[in-house]
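Protein chains in written order, with the working numbering: chain A, 1 to 518; chain B, 1 to 417. Yeah, the Cβ is synthetic: ideal placement off N, Cα and C, and Gly gets one too. Notes to accompany the following structure.
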Amino acid sequence: MNTLDTDVLVIGGGSTGAGVAWDSALRGLHVTLVDRQDFATGTSGRFHGLLHSGGRYAVKDPGSARECAAENRILRQVAADCLEDTGGLFVSTPEDDLEYADRFLAAAGAAGMEIEEIPVGVALRDEPRLNPKIRRAFRVQDGSIDSWKMISALLRGAQAHGATVLPYHKVVRVIRQGDRVEGAVMEDQRTGEEVQVNAGCVVNAAGAWSGQVAQLAGCEVGVRPGKGVMVAINHRLARAVLNRCHMPSDGDIIVPVRTVSVIGTTDHPVADPDDTECSPEEVHQMIEAGELLVPGFKESRALRVWSGSRPLLPKTEGSAGAGDREVSRSHTVLDHGARDGLEGLVTIAGGKFTTLRLMAEDTVDVVVGKLGRGAECRTRTEVLPGSESHRFYWIGNRQQEAETDPPDDPLICECELVSQHDLDTVVARRPSWRLDDIRRALRVGMGPCQGGFCAFRVAGMLHQEGRYGRAEANSALREFVQERWKGVKVISWGAQARQTRLDRWIFEGVYDLEHLPE
Amino acid sequence: MGTDAVVLGAGTAGMVAALRLAAAGASVLVLAEGEGGLPLAPAQMDVLGYRPQLVLDPLAELGGFLESRPDHPYRLVEADEVAASLEWFLELSAPLGYVGSPHINRLQPTALGALRPTCLVPQTMAAGDLSGGGSVLVVGLRGFRDFHAPLLAENLALANPPSGAEIRARSVEVSLLGDPRDLRPQLLARRLEERPVLAELGREIRSRLEQEELVGVPAVLGLERSHEVWQRLQDLVGRPVFEIPTPPPSQPGQRLQQHLFRALRRLGGEVRLGARASGYRASGDRLEAVRVVTAAREVEIPADSFVLATGGIGTGGITAGSDGELREEVFGARVSRGGAPDEPLVEYLATQPLDRLGVEVDDQQRPLGAGGEPLFENLWAAGATLAGAEPWREKSGEGISLATGFRAARLAGGVRA
Chain A
1 MNTLDTDVLV IGGGSTGAGV AWDSALRGLH VTLVDRQDFA TGTSGRFHGL
51 LHSGGRYAVK DPGSARECAA ENRILRQVAA DCLEDTGGLF VSTPEDDLEY
101 ADRFLAAAGA AGMEIEEIPV GVALRDEPRL NPKIRRAFRV QDGSIDSWKM
151 ISALLRGAQA HGATVLPYHK VVRVIRQGDR VEGAVMEDQR TGEEVQVNAG
201 CVVNAAGAWS GQVAQLAGCE VGVRPGKGVM VAINHRLARA VLNRCHMPSD
251 GDIIVPVRTV SVIGTTDHPV ADPDDTECSP EEVHQMIEAG ELLVPGFKES
301 RALRVWSGSR PLLPKTEGSA GAGDREVSRS HTVLDHGARD GLEGLVTIAG
351 GKFTTLRLMA EDTVDVVVGK LGRGAECRTR TEVLPGSESH RFYWIGNRQQ
401 EAETDPPDDP LICECELVSQ HDLDTVVARR PSWRLDDIRR ALRVGMGPCQ
451 GGFCAFRVAG MLHQEGRYGR AEANSALREF VQERWKGVKV ISWGAQARQT
501 RLDRWIFEGV YDLEHLPE
Chain B
1 MGTDAVVLGA GTAGMVAALR LAAAGASVLV LAEGEGGLPL APAQMDVLGY
51 RPQLVLDPLA ELGGFLESRP DHPYRLVEAD EVAASLEWFL ELSAPLGYVG
101 SPHINRLQPT ALGALRPTCL VPQTMAAGDL SGGGSVLVVG LRGFRDFHAP
151 LLAENLALAN PPSGAEIRAR SVEVSLLGDP RDLRPQLLAR RLEERPVLAE
201 LGREIRSRLE QEELVGVPAV LGLERSHEVW QRLQDLVGRP VFEIPTPPPS
251 QPGQRLQQHL FRALRRLGGE VRLGARASGY RASGDRLEAV RVVTAAREVE
301 IPADSFVLAT GGIGTGGITA GSDGELREEV FGARVSRGGA PDEPLVEYLA
351 TQPLDRLGVE VDDQQRPLGA GGEPLFENLW AAGATLAGAE PWREKSGEGI
401 SLATGFRAAR LAGGVRA
């Protein structure tokens, strides 16, 4: 068995774990991060992409609102390339209580948010598809986050400071010496080989799965997975993030992110965070809810459906300030030494993508205290790789790049303007990739055709370059087609139903994919 | 001058019906919202490939297949009529050199290297029947995104034709002159119509050829002059050359479409593309005219008989609403799921709810209304419009279109007489 020694072992490669890795590495600690799958495949890669202004929590959860408002400002400084500065609107639809709008305005100010009430006419001029019956409108600093880009930047930054990152390494045992956690044993999900990592401190950053990881160490973490369903609509229906100005509920946010608009979300407690099935009822609930913000929403082309599990933290586990809610969207660092008498293990529980930096800072502060070394936190000012120019991403970026510096290689994905060069650059970063990992890195297969044209190209090219063997290429293609199907099967209507027919014609009719040898 | 017959849809079914009607002396107008389905199609004429086991003799196995799938559109046509429609197609498409028989499934490689059963293929693909095994050199074109010769060859070498014969396959890659940013099938097809480019390809292949090998190339051997391009390449190489279909846009599909359009024009018929049928006028159970939106205005086109060949959801003949409502767009004919499941299944490569969806018809191929009676006495449906088939899984689409289009023309002609 391979053995590695490290200061900090981080379990979980979502936004939280990647943030902890970046923070630890900047403090001069050696950090090793592991995930059972590829990075950003859990909740972080399955959210709506909203960079919160804090508005959503202003009335209900003022502590979270304050954190969001502050972290939003910091991320704009250090991670511009991963963000889009869309701005946001909170609007009172005919179904929303106008009195709530007054409470909202006061609470937003108290939380330190930048907020401005604008005339309804101005809101409708800026957002022509917005419901013309809205009665009040507030401009806030919402934005959108590309979660894959963000996590990739955090990990590349950490690696540049000496971090080791191991995707597809699932924790199978936590190493304990009496009342002390000293590391963990991981199984490489691709090869079956085991790797032992001896660590000065282990950070459980497994989010909705942190209860499962804690159990391996022999303690309990009461995180409750809360499933949320989202639907991506082709096109950007709005320039800014649109929020209903009311007590947060289901389907009341539309986020313009990259080439799509995402509507979210729901909140159903689930026993297993891997339960990502979306029912037709949940999808229809989202589509109907969208009508209230954008009339005609349900006539738009729905591209894909997915769900993710929030790591909700019951109040008994949470810190103060969670208000009158059963669960908090704030985070808590659980020091299992103080809490359970089990040294060497820290769990970061709860929280949300927007506050990932603060969550990491709070966690690594505890880790540094335990290790007795490590510098001050630097993530408030240290700029992430790719964001050095402080320019926000915008939807025209890829097109602009292609026009100013025309590539001399073919496009492999017309929907998302991905060139063969982009593919080569990404696959060179690490030795093995699944097609789905490449999708997250490049957005290949995420456009209207949902992989109908590009999946075959990518599989064929990677086989030709020797990165895939024959059987691997076949199964990669089958697996990708299967994975894409999960997200389109419950939205078989309109143009997307037509697209699924064309894709089927290609996969079954032209390739005879179902009769390929294994 | 009036129109005898209006055909809605310019895919295989619509074109077959139109050509048959025109050949019988009718004045025919074909209307299509887009450009018709043929440019997407590999242009191989399938009859029945899987039921779900591999079918060896499609015509002989149709009866047994229908016992297990009584709602299948093949129920509407006698085996003799299926055979007659294919015979007729072979004759009609003689300039493209179609070969094959409805009694034999040829096994032709796909772009991924599966062996796909089909009955008729154009001459440019004729040497690619590997049911008796063979040695194949698969030739890739550098920079062409839609054809990956190494993967194709490696998969093909593992294919097992029922004859038990061995298939050997290997691949080479050849560079063609041209802007690598734009190596699309249309561009490659045009380039290969240039003699020097083709000569270079021929020399390259020949220099890397081993004895007794067949040569498989992507289906981009020219557009207008494909037969000549294929013939010359075969001469240059000195071995049988065959095309392997690539994903859309399909050059063989466009060749077939142009051929069928021309054949119809020669018979006095007309194809009007970009013309969406938006409604109709009827008198009792007789359809009098269809309304068509073209150049931003609506016109009414009266005729004696009408063929509905607009296809299913894939081509817009039928639409699905977010509320689950299914609608045949022109006449509001009754739509059925043809015995497919109501809820999507977990496995993608399984029968899905939309797979068999289509218009319900009586035994005379007349679309039914909500009450289960034929909508009109002079409207017949054909091809992918019909409910009950899984054309891509079964490899049956063209056969259904040929046979039901052929029969629709006979029924429509009969009424006119």
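- Fully enclosed beta strand (DSSP E) runs of no fewer than 3 residues occupy 116-118, 136-140, 143-145, 164-166, 169-177 of the region 101-187 of chain A, in order along the chain.
- A Cβ of chain B is located within less than 9 Å of the beta carbon of A/Gly460.
- No beta strand (DSSP E) of 3 residues or more sits fully in the region 354-405 of chain A.
- Shown here, A/His421 sits in a helix according to DSSP, grouped into three states.
- In summary, B/Glu373 is exposed, with fewer than 16 beta-carbon neighbours lying within 10 Å of its beta-carbon over all protein chains present.
- Annotated as distal: B/Val16 and B/Pro102, with beta-carbon spacing of 9 Å or more.
- In the pairwise beta carbon analysis, the region 354-361 of chain B is classified as not touching the region 286-299 of chain B: fewer than three pairs are separated by under 8 Å.
- Chain-order list of chain B residues neighbouring A/Lys60: empty, with the shortest C-beta distance near 31 Å, by a criterion of under 8 Å.
- Between A/Arg190 and the set A/Lys170, A/Gln196, A/Phe39, the nearest pair of CA atoms involves A/Lys170.
- Sorting B/Gly164, B/Gly140, B/Ser163, B/Ala111 by C-alpha distance to the C-alpha of B/Leu201 places B/Gly140 at the top.
- Between the alpha carbons of B/Ala24 and B/Glu173 lies a distance of about 49 Å.
- For the C-beta of A/Trp485, the chain B residues within less than 7 Å are, from N- to C-terminus, Tyr348.
- Per DSSP, B/Pro252 is one residue of the alpha helix (DSSP H) stretching across 251-266.
- Assignment of beta-bridge partners to B/Leu38 by DSSP yields no partner.
- For A/Lys227, the enclosing beta strand (DSSP E) stretches over residues 224-234.
- Comparing alpha-carbon positions, the option among A/Gln159, A/Arg329, A/Leu166, A/Gly109 lying closest to A/Arg139 turns out to be A/Gly109.
- A distance below 7 Å between beta-carbons, with the five flanking residues on each side excluded, links B/Asp129 to the following residues of its chain, in chain order: Arg106, Leu107, Gln108.
- Pairing A/Leu502 with B/Pro248, the inter-Cα distance amounts to about 10 Å.
- Setting aside the 5 residues that flank it on each side, B/Val82 is surrounded in the same chain by Val47, Leu59, Leu62, Tyr74, Pro102, Gly399, Leu402, Ala403, each with a C-beta closer than 8 Å to its C-beta; the list follows chain order.
- If one requires a minimum length of 3 residues, the beta strand (DSSP E) runs lying completely within the region 141-204 of chain B are 167-174, in chain order.
- Following the DSSP letters along the chain, one finds A/Arg457 in no beta strand (DSSP E) but inside the alpha helix (DSSP H) bounded by residues 454-464.
- B/Ile167 and B/Ala32 have their C-alpha atoms spaced approximately 42 Å apart.
- For B/Glu343, there is no enclosing alpha helix (DSSP H), as DSSP marks it with neither H nor E.
- When the alpha-carbon of B/Ala26 is set against those of B/Leu233, B/Asp80, B/Ala303, B/Ala149, the nearest one is in B/Ala303.
- The beta-carbon distance between A/Leu345 and A/Asn204, rounded to whole angstroms, is 7 Å. This is short enough to meet the 8 Å contact definition.
- Judged by DSSP secondary structure, B/Phe242 falls within the beta strand (DSSP E) whose first and last residues are 241-244.
- Cβ contact annotation for A/Ser475 (same chain, cutoff 8 Å, sequence separation greater than five): Glu518, in chain order.
- The three-state reading of DSSP puts A/His515 in helix, counting H, G and I together.
- Secondary structure note for A/Asp340: its alpha helix (DSSP H) is the uninterrupted segment 336-340.
- When C-beta atoms of the region 420-428 of chain A are compared with those of the region 398-411 of chain A, three or more pairs fall below 8 Å, so the two segments count as touching.
- Beta-bridge partners of B/Ile301 (DSSP): B/Val290.
- The three-state reading of DSSP puts B/Glu67 in helix, counting H, G and I together.
- Annotated three-state conformation of A/Ala217 is helix, per DSSP.
- CA-to-CA, the gap between B/Leu115 and B/Glu228 works out to about 27 Å.
- The C-beta distance from A/Val260 to A/Leu303 rounds to 6 Å, short enough to meet the 8 Å contact threshold.
- Along the region 37-49 of chain A, none of the residues has a CB nearer than 7 Å to a CB of chain B.
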